[in-house]
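For reference, the structure is listed below as structure tokens.
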Amino acid sequence: MSPTPPRADMPDLASALQHEVSRLAAAPEVRSAFNWFRTQEPQMAQWQMEMARIPAPPFGEAARAAWLAERFREVGLDDVRIDDVGNVFGTHPGFGRRYVALSAHIDTVFPANTPLNIRQQGSRMYGPGVSDNGAGVAAMLGIAALLRSVRIRHALPFVFIGNVGEEGEGDLRGMRHIFSTPRWKDSIAYTVVLDGAGADTIVAEALGSRRFEVIVRGPGGHSWSDFGAPNPIVILAKAIETFIATPVPASPKTTFNIGVIRGGTSVNSIPESASMKVDIRSTSMAEMERLEQSMRQALNRAVEEETLAAEMRSTAQKRPAGVSCEVVVIGSRPAGELTAGARILQVVRAVDVQLGNAAHVQRASTDANIPLSLGLEAVAIGGGGSGGGAHTLQEWFDSNGRELALKRILLTMLALAGVGE
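Counted from 1, the sequence shown has number 169 at position 169 by the numbering used here; the numbering is strictly sequential.
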């Protein structure tokens with residue numbers, strides 16, 4: 001097959017892509033690739049369990065990054081490197097200047113001291129991180145290894161990325177770094193993110209989120225002798241009562257949550273500080289900004305009310321009644337979405353039709369948030385099989401169905417890159 005660049009200016013893009021994907025699936029090289037996938041499950045399961053046994057908490061992914069870099073070299077990728085924040089890169093040559101990126105995050109939500117009891121029983125694997133994102137990384141390695149074993153020429157080159165910082169307070173730092181680096185921001189044409197198990201979804205809408213830690217501080221004191229001093233816990237309670245009355249639209253769907261409250265030392269102590277963690281989510285940046293403003297207004301009002309009430313309660317001003325309030329941003333994920341006619345979305349849909357795979361478009365918070373928020377073409381899909389118990393010690397993954405996802409990923413990459421007659 002001689003390479004030709006992908007065309008995006010056809011009058012009937014969906015029909016043309018369907019024809020192109022059908023032609024790709026029938027090509028001898030691709031049929032050989034499908035057969036190769038059928039024999040490689042033991043290898044992919046081994047990679048998956050090896051990686052899951054290496055701790056990779058947010059900001060502690062170095063050991064796992066080193067492991068992945070070595071695997072990239074073993075499967076024959078070029079220019080393997082680890083960047084300043086810990087992202088791992090490897091490339092496969094093509095005949096164009098821009099890249100099709102295939103990425104999978106290598107971090108987990110689990111602290112460094114979490115017991116990683118990774119085990120396999122038949123087609124099932126068990127243990128923290130074995131599905132999220134062991135499934136995504138194993139599928140990425142499977143595609144990379146295939147390209148060494150089965151020669152398929154394609155126009156745009158591929159870049160494989162094991163990125164850090166997807167989970168929790170990692171706040172997408174790996175992808176932020178990649179797409180703030182001119183080499184990659186200007187040269188990645190399409191990004192396919194592999195996240196977790198399954199093959200039945202296409203994440204084409206980036207769910208934005210903002211996360212805050214709110215800390216209220218006061219003078220504190222004894223519940224008897226210092227009665228009347230402003231109480232940070234009461235301030236938080238009043239702020240929450242006001243904030244949760246904020247109306248939110250059903251479309252664009254917008255949500256908020258108070259997930260953690262801390263404060264106080266004993267039942268007979270007026271606390272010196274109290275804090276809460278707040279999560280705001282929406283597909284609309286404007287709605288997230290509106291909710292943030294509402295939260296801040298509720299806090300200011302609560303501080304004013306409790307300060308006034310403390311002055312009225314107090315029988316003797318033994319200490320200053322000063323109260324301070326601090327709002328710390330602990331996470332910010334931008335929103336965004338593909339246009340209905342985006343080429344990458346049309347390609348994935350055409351691939352699903354070819355494979356008889358039923359998948360639906362949905363919104364979620366993934367590494368794809370970053371390129372989508374920049375107006376770039378990106379989707380997030382699963383690495384195949386099935387999984388459950390994500391972010392728990394009871395996490396599991398079943399490899400049945402992984403082959404379908406590997407075919408889906410390969411056809412998507414080739415259709416995006418362009419493969420000629």
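We put the CB at the ideal spot given by N, CA and C, even for glycine.
Rounding to the nearest angstrom, what Cα-Cα distance links residue i and residue j in this structure?
| i | j | result |
| --- | --- | --- |
| residue 141 | residue 119 | 20 Å |
| residue 385 | residue 406 | 10 Å |
| residue 100 | residue 387 | 27 Å |
| residue 148 | residue 110 | 34 Å |
| residue 299 | residue 237 | 10 Å |
| residue 357 | residue 18 | 14 Å |
| residue 1 | residue 379 | Legend: pLDDT at residue 1 = 42, less than 50; position of this residue unreliable, value from coordinates given subsequently. Cα to Cα, the separation comes out at about 27 Å. |
| residue 273 | residue 402 | 50 Å |
| residue 209 | residue 144 | 32 Å |
| residue 224 | residue 243 | 31 Å |
| residue 362 | residue 381 | 10 Å |
| residue 297 | residue 343 | 43 Å |
| residue 404 | residue 37 | 9 Å |
| residue 347 | residue 417 | 11 Å |
| residue 259 | residue 280 | 11 Å |
| residue 46 | residue 134 | 11 Å |
| residue 195 | residue 251 | 26 Å |
| residue 484 | residue 278 | Residue 484 falls outside the range modelled here, since the chain spans only 1 to 421, and no answer is possible. |
| residue 68 | residue 39 | 22 Å |
| residue 365 | residue 24 | 31 Å |
| residue 180 | residue 189 | 15 Å |
| residue 153 | residue 262 | 57 Å |
| residue 41 | residue 138 | 10 Å |
| residue 8 | residue 341 | At residue 8 the pLDDT is 47, less than 50, meaning the model places this residue with poor confidence and gives no usable figure here. |
| residue 377 | residue 97 | 17 Å |
| residue 305 | residue 239 | 10 Å |
| residue 316 | residue 222 | At residue 316 the pLDDT is 49, less than 50, meaning the model places this residue with poor confidence and gives no usable figure here. |
| residue 29 | residue 355 | 17 Å |
How should residue i be labelled, buried or exposed, when 16 other C-beta atoms within 10 angstroms of its C-beta is the threshold for buried?
| i | result |
| --- | --- |
| residue 64 | buried |
| residue 312 | exposed |
| residue 349 | buried |
| residue 177 | buried |
| residue 70 | exposed |
| residue 308 | exposed |
| residue 121 | exposed |
| residue 191 | buried |
| residue 266 | exposed |
| residue 241 | exposed |
| residue 374 | exposed |
Among the candidates the options, whose CA atom is the shortest distance from the CA of residue i?
| i | options | result |
| --- | --- | --- |
| residue 115 | 129, 122 and 106 | 129 |
| residue 50 | 126, 336 and 380 | 126 |
| residue 359 | 66, 201 and 271 | 201 |
| residue 174 | 391, 356 and 368 | 368 |
| residue 170 | 408, 61, 48 and 76 | 61 |
| residue 166 | 121, 267 and 104 | 104 |
| residue 287 | 325, 306 and 334 | 334 |
| residue 44 | 75, 102 and 29 | 75 |
Does the distance from the C-beta atom of residue i to that of residue j stay below 8 Å?
| i | j | result |
| --- | --- | --- |
| residue 92 | residue 107 | no |
| residue 351 | residue 21 | yes |
| residue 338 | residue 372 | yes |
| residue 207 | residue 246 | no |
| residue 211 | residue 331 | yes |
| residue 160 | residue 72 | yes |
| residue 284 | residue 254 | yes |
| residue 399 | residue 123 | yes |
| residue 276 | residue 214 | yes |
| residue 58 | residue 168 | yes |
| residue 204 | residue 414 | no |
| residue 390 | residue 15 | no |
| residue 197 | residue 383 | yes |
| residue 235 | residue 193 | no |
Residue i and residue j look like a contact to me (Cβ under 8 Å); what is the Cβ gap, rounded to whole Å?
| i | j | result |
| --- | --- | --- |
| residue 162 | residue 88 | 4 Å |
| residue 218 | residue 269 | About 12 Å; that fails the 8 Å criterion. |
| residue 230 | residue 327 | 18 Å between Cβ atoms; not a contact. |
| residue 410 | residue 146 | 7 Å |
| residue 112 | residue 157 | Actually they are not in contact, since the Cβ atoms of residue 112 and residue 157 sit about 36 Å apart, beyond 8 Å. |
Quick check: is any heavy atom of the ligand COA less than 7 Å from the C-beta of residue i?
| i | result |
| --- | --- |
| residue 78 | With respect to the ligand COA, the structure offers nothing, as it holds no ligand at all. |
Quick one: is residue i near chain D, going by C-beta distance under 8 Å?
| i | result |
| --- | --- |
| residue 80 | Among the protein chains of the structure shown there is no chain D, as only one such chain exists. |
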